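A.B. asks: Add 28 to a position in the sequence shown, counting from 1, and you land on the number used in my numbering. Note that the Cβ used here is the ideal one computed from N, Cα and C, for glycine as well. Since the model is a prediction, treat every value here as computed from it, not as a measurement.
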Amino acid sequence: MSLDRRKFLKYLGMAGAAAGTSLLVSEGMKTKEKGVGPTVAEAQTAPQKHSADVKPGELDSYYGFWSGGHSGEVRILGLPSMRDLKRISVFNMDVGTGYGITNESKAMLKGKFCGDTHHVHGSYNNGVYDGKYLFVNDKLNNRVARIRCDYMEVDKILDVPNIQGMHGLFTQRAPKTEWLVCNSEFQIPVPNSNPSQPPAQYNGAHTIIDAEKMEVVCQVLMDENMDLAATDYGGRYSMTTSYNIEKGVTVSEMLGSDYDYMLVFHWDRIKKALKDGKHTMIGGVKVLDGRAGKSDLTIRIKVPKNPHGINVSPDGKYAVCSGKVAPTCTVVAIDKLEDVFNGKIKPEDCIVAQPFIGLGPLHTTFDGRGNAITSVFIDSTNVKWNVQKAIDNEKLPEEKKKNTHIVDVLDVNYQVGHIMATMAETKEADGKWLVSLNKFSKDRFLNVGPLKNECEQLIDITGDKLKLVHDSATYIEPHDCIIVRRDIIEKVVKDRFNMFEHPQAVTKSGVDRKGKKVTVKLTANAPVFGLQEVQLKKGDEVTVIVTNHDEISDLGHGFALSNYNINFVVAPFQTKSVTFTADKPGVYWAYCTNFCHALHLEMRMRFIVT
Ligand code: CUK
Ligand code: CUA
Ligand code: CA
């Protein structure tokens with residue numbers, strides 16, 4: 029039964045990926061090593077001991093930061109329990125907290141209440157997270173949001189011009205995060221002012237952002253599209269995969285070329301080009317020309333057509349491009365890139381291995397002990413392979429090549445996208461746990477209707493074998509994640525806001541009226557608001573500012589105004605505001621929505637509109 033199900037899904041996946049690539053499917057079949065990992069049945073009966081490891085009242089060892097895909101949010105999970113700890117509203121509306129309702133959040137969202145968060149990455153100090161910020165992209169509306177790790181809330185959103193399909197995002201890893209980069213998966217006219225421009229003249233742009241100021245430093249204009257992004261561990265390069273060097277606008281056009289590129293951007297040369305004024309201004313930002321033959325800012329390394337993820341090993345030595353439509357990964361030696369930039373070697377000469385992985389390799393993560401683990405979409409597997417073995421095998425004559433680099437293969441359920449190991453995007457990758465973020469859950473959980481939950485699985489990677497220990501059902505969409513050691517985050521997370529970071533923090537409740545503009549200042553202190561009633565006139569433009577004066581950890585207050593569609597929550601010492609027009613005469617109760625006190629229900633006041 030379960031075998032049939034796997035086969036069915038496999039063919040489903042193939043139908044899409046195989047358009048124009050029937051060759052690779054049969055090639056892959058021929059070379060696939062069988063029976064290395066546990067069967068589905070074995071995996072399903074593995075003891076789920078991790079949840080017992082984190083008993084009630086005990087804390088997890090890792091913070092997981094999840095990009096929530098087209099839910100537009102970021103989530104915090106605890107690992108290894110896989111407890112769902114928090115949802116951080118980023119590009120969405122959340123009536124639970126008032127994000128998208130308050131003036132503060134509206135000023136950042138600028139009327140765009142939906143988004144598509146793909147890749148969340150932290151700020152670094154010398155190759156390890158510093159616990160200061162998380163950054164996440166919005167593929168839909170081409171924005172980057174920054175989350176402060178002390179409050180775990182968004183503090184800035186930057187709209188990026190000249191691009192569409194902002195997909196890969198990565199932060200500078202050394203010496204510390206001053207820049208971050210984001211990609212454009214869709215090529216468009218740049219500037220986007222001439223809709224009849226032929227697709228052959230469309231461009232992509234690799235955008236560099238100042239992490240502290242949250243401003244665009246510059247964009248590097250490219251012919252290619254740019255999918256996933258990575259940075260090295262030396263603060264020298266950003267790297268991306270491109271699957272549409274063809275500038276195709278249909279699937280078959282995007283598969284037209286025999287190869288595509290891994291692109292590398294040289295940061296020192298970019299800095300110098302900016303200093304030398306080599307940029308032009310487009311859409312209000314500096315744009316450098318990175319197109320082939322136009323500058324020395326970029327190099328292009330040929331990889332099998334239509335690759336997907338790019339990930340750098342924790343020792344900083346290798347960038348691994350996952351093949352997607354090719355059954356291989358391409359391993360690039362980062363210490364050879366400079367010689368390519370200087371023309372000493374050909375771009376292909378920095379490829380040190382191209383090991384067979386499986387059908388549809390998408391993303392690669394690392395255990396810090398020399399092994400890579402790659403998610404394989406069509407096969408529905410996680411494949412663990414040894415990087416050095418793959419490099420050694422590459423040196424063997426063709427007929428002697430074997431798949432001895434493969435350490436283990438684990439069936440996952442089903443159609444895995446991203447995977448991530450603990451601390452794997454840092455120098456301190458510790459090889460404890462792996463999370464497989466699967467796009468289909470099929471009959472793995474109770475049937476909840478046509479739109480089913482998705483499935484993330486927890487895998488113990490401390491031994492040679494990949495050991496599945498837990499399934500979690502999850503809400504749309506477990507896109508990508510990073511898994512951060514608890515001690516890094518724990519020391520920065522705060523229990524209350526700094527009250528006076530908000531310029532309008534209310535210390536004394538009261539009402540200010542200037543003509544039709546009314547400002548209502550409210551303190552919230554369990555179980556009372558600072559005023560019992562507010563007198564308004566129909567047509568008044570009312571701003572309500574609420575500051576929570578309870579400093580007790582966890583004691584939040586809500587402010588909801590009946591029939592006025594207003595609802596938000598303030599955490600200890602936090603201030604939020606809303607502005608509305610008092611267009612309905614009558615008596616309207618405002619009340620606290622967040623259970624705060626034995627007299628929580630009595631925590632209410634009247635707005636009287638005459
Ligand atoms: S990526 Cu975004 S859809 Cu994170 Cu595998 Cu392809
Ligand atoms: Cu304040 Cu409930
Ligand atoms: Ca292509």
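1) Run the CB neighbour count on residue 81, radius 10 Å, all protein chains shown included, and call it buried at 16 or more, exposed below.
2) For ligand 1, is there a heavy atom less than 7 Å away from the beta-carbon of residue 100?
3) Could you tell me whether the Cβ atoms of residue 189 and residue 312 are closer together than 8 Å?
4) Report the rounded CA-to-CA distance for residue 520 versus residue 514, giving the unit in angstroms.
5) In angstroms with no decimal places, state the Cα-to-Cα distance between residue 263 and residue 454.
6) According to DSSP, is residue 566 part of a helix, a strand, or is it coil?
7) If you check the beta carbons only, do residue 641 and residue 255 fall under 8 Å apart?
8) Could you check the C-alpha separation between residue 601 and residue 174 for me, to the nearest Å?
9) Could you have a look at residue 531 and say whether DSSP puts it in helix, strand or coil?
10) For residue 143, verify whether its CB is less than 7 Å away from any heavy atom of ligand 1.
11) What distance in whole Å lies between the Cβ atoms of residue 316 and residue 300, which are believed to be in contact at a cut-off of 8 Å?
12) Give a single yes or no on whether residue 285 has its beta carbon closer than 7 Å to a heavy atom of ligand 3.
13) Taking DSSP's pairing of strands, which residues face residue 588 in a bridge?
14) Since residue 153 is in the beta strand (DSSP E), which residue starts that stretch and which ends it?
15) What do you get for residue 546, buried or exposed, if any count of 16 or more other CB atoms within 10 angstroms of its CB means buried?
16) Any idea what DSSP makes of residue 419, helix, strand or coil?
17) With distance defined between alpha-carbon atoms, name the residue in 566, 157, 257, 276 nearest to residue 215.
18) So, with DSSP's three-state summary, where would you put residue 69?
19) I need the straight-line Cα distance from residue 476 to residue 245, nearest angstrom please.
20) Measuring straight from C-alpha to C-alpha, what distance separates residue 289 and residue 419?
21) Tell me whether the stretch 501-518 and the stretch 468-485 touch, counting them as touching only if at least three CB pairs, one residue from each stretch, are closer than 8 Å.
22) Check whether the stretch 370-377 and the stretch 387-395 touch, using three or more Cβ-Cβ pairs below 8 Å as the test.
23) Would you mind stating whether residue 595 and residue 612 have Cβ atoms separated by less than 8 Å?
24) Is DSSP giving residue 366 helix, strand or coil here?
25) Less than 7 Å separating the Cβ of residue 499 from some heavy atom of ligand 3?
26) Going by DSSP, which residues form a beta bridge with residue 107?
27) Should the stretch 622-634 be called in touch with the stretch 572-590, which here means at least 3 C-beta pairs below 8 Å?
28) Tell me which residues share the same chain as residue 228 and place their Cβ nearer than 8 Å to its Cβ, disregarding the 5 neighbours each side in the sequence.
29) To which residues does DSSP link residue 165 through a beta bridge?
30) In the DSSP assignment, what are the bridge partners of residue 464?
31) Can you determine whether any heavy atom of ligand 1 sits closer than 7 Å to the C-beta of residue 288, and answer yes or no?
32) Can you name the residues that DSSP bridges to residue 427?
33) Please tell me whether residue 101 and residue 89 are closer than 8 Å, where the distance is taken between their beta carbons.
34) Would you call the stretch 486-493 in contact with the stretch 444-460, where contact means no fewer than 3 C-beta pairs closer than 8 Å?
35) Using the rule of at least 16 other Cβ atoms within 10 Å of the residue's Cβ for burial, across every protein chain shown, is residue 144 buried or exposed?
36) Consult DSSP for residue 376 and reduce its assignment to one of helix, strand or coil.
C.D. replies: Based on what the coordinates show:
1) In the sequence shown, the residue the question calls residue 81 occupies position 53. Exposed is the call here.
2) Numbered from its first residue, the sequence shown carries residue 100 at position 72. Flag unset: Cβ of residue 100 not near ligand 1.
3) Here residue 189 corresponds to residue number 161 of the sequence shown, with the count starting at 1. Here residue 312 corresponds to residue number 284 of the sequence shown, with the count starting at 1. Yes, they are a contact pair.
4) Position 492 of the sequence shown holds residue 520. Position 486 of the sequence shown holds residue 514. If I take the Cα positions, the gap works out to 10 Å.
5) Position 235 of the sequence shown, counting from 1, holds the residue named residue 263. Position 426 of the sequence shown, counting from 1, holds the residue named residue 454. Computed Cα separation, rounded: 13 Å.
6) What you label residue 566 is simply residue 538 of the sequence shown in a count that begins at 1. Coil.
7) As displayed, the chain neither begins before 29 nor continues past 638, which places residue 641 out of reach and without an answer.
8) Here the question's residue 601 lines up with position 573 in the sequence shown. Here the question's residue 174 lines up with position 146 in the sequence shown. For residue 601 and residue 174, the distance between alpha carbons rounds to 21 Å.
9) The count along the sequence shown starts at 1 and reaches residue 531 at position 503. Three-state DSSP puts residue 531 in coil, outside helix and strand.
10) The residue you call residue 143 lines up with position 115 of the sequence shown. No, ligand 1 has no heavy atom inside 7 Å of this Cβ.
11) Here the question's residue 300 lines up with position 272 in the sequence shown. Here the question's residue 316 lines up with position 288 in the sequence shown. Going by Cβ atoms, the distance from residue 300 to residue 316 rounds to 10 Å, so no, they are not a contact pair.
12) As a first step, residue 285 must be located in the sequence shown, where it is residue number 257. Yes.
13) Looking up residue 588 in the sequence shown gives position 560. In DSSP, residue 588 forms a bridge with 595, 619.
14) Position 125 of the sequence shown, counted from the start, is the residue given in the question as residue 153. From DSSP, the beta strand (DSSP E) with residue 153 extends over 145-153.
15) If you number the sequence shown from 1, residue 546 lands on position 518. By the 10 Å Cβ count, residue 546 comes out buried.
16) Looking up residue 419 in the sequence shown gives position 391. If DSSP states are grouped into helix, strand and coil, residue 419 belongs with the helices.
17) In the sequence shown, residue 215 corresponds to position 187, counting from 1. The option with the nearest alpha carbon to residue 215 is 276.
18) For the purposes of this step, residue 69 is identified with residue 41 of the sequence shown, where counting begins at 1. Per-residue confidence for residue 69 stands at a pLDDT of 47, beneath the threshold of 50, marking its modelled position as unreliable; the derived number appears in the next sentence. Residue state, collapsed to three classes: helix.
19) Here residue 476 corresponds to residue number 448 of the sequence shown, with the count starting at 1. Here residue 245 corresponds to residue number 217 of the sequence shown, with the count starting at 1. Taking the straight line joining both Cα atoms gives about 46 Å.
20) Counting from one through the sequence shown, the residue named residue 289 turns up at place 261. Counting from one through the sequence shown, the residue named residue 419 turns up at place 391. Using only the alpha carbons, I get a separation of about 20 Å.
21) yes
22) no
23) Here residue 595 corresponds to residue number 567 of the sequence shown, with the count starting at 1. Here residue 612 corresponds to residue number 584 of the sequence shown, with the count starting at 1. Result no, Cβ atoms of residue 595 and residue 612 do not sit closer than 8 Å.
24) One-based indexing of the sequence shown puts residue 366 at position 338. Looking at residue 366 - three-state DSSP - the assignment turns out to be helix.
25) Taking the sequence shown and counting its residues from 1, the one referred to as residue 499 is at position 471. It does not: the Cβ of residue 499 is nowhere closer than 7 Å to a heavy atom of ligand 3.
26) Within the sequence shown, the letter at position 79 stands for residue 107. 90, per the DSSP bridge assignment.
27) yes
28) For the purposes of this step, residue 228 is identified with residue 200 of the sequence shown, where counting begins at 1. Correct list, in chain order: 275.
29) As a first step, residue 165 must be located in the sequence shown, where it is residue number 137. Paired residues: 172.
30) Working through the sequence shown from its first residue, we reach residue 464 at position 436. Partner(s): 447, 485.
31) For the purposes of this step, residue 288 is identified with residue 260 of the sequence shown, where counting begins at 1. Checking every heavy atom of ligand 1 against the Cβ of residue 288, none is found closer than 7 Å.
32) Sequence index remark: in the sequence shown, residue 427 carries index 399 (1-based). Paired residue(s): none; residue 427 is not in a bridge.
33) Along the sequence shown, read from residue 1 onward, the residue named residue 101 stands at position 73. Along the sequence shown, read from residue 1 onward, the residue named residue 89 stands at position 61. The answer is no: Cβ separation not under 8 Å.
34) yes
35) Locating residue 144 in the sequence shown gives position 116, where the first residue counts as 1. Buried, because 16 or more other Cβ atoms sit within 10 Å of the Cβ of residue 144.
36) Taking the sequence shown and counting its residues from 1, the one referred to as residue 376 is at position 348. Three-state DSSP puts residue 376 in a helix.
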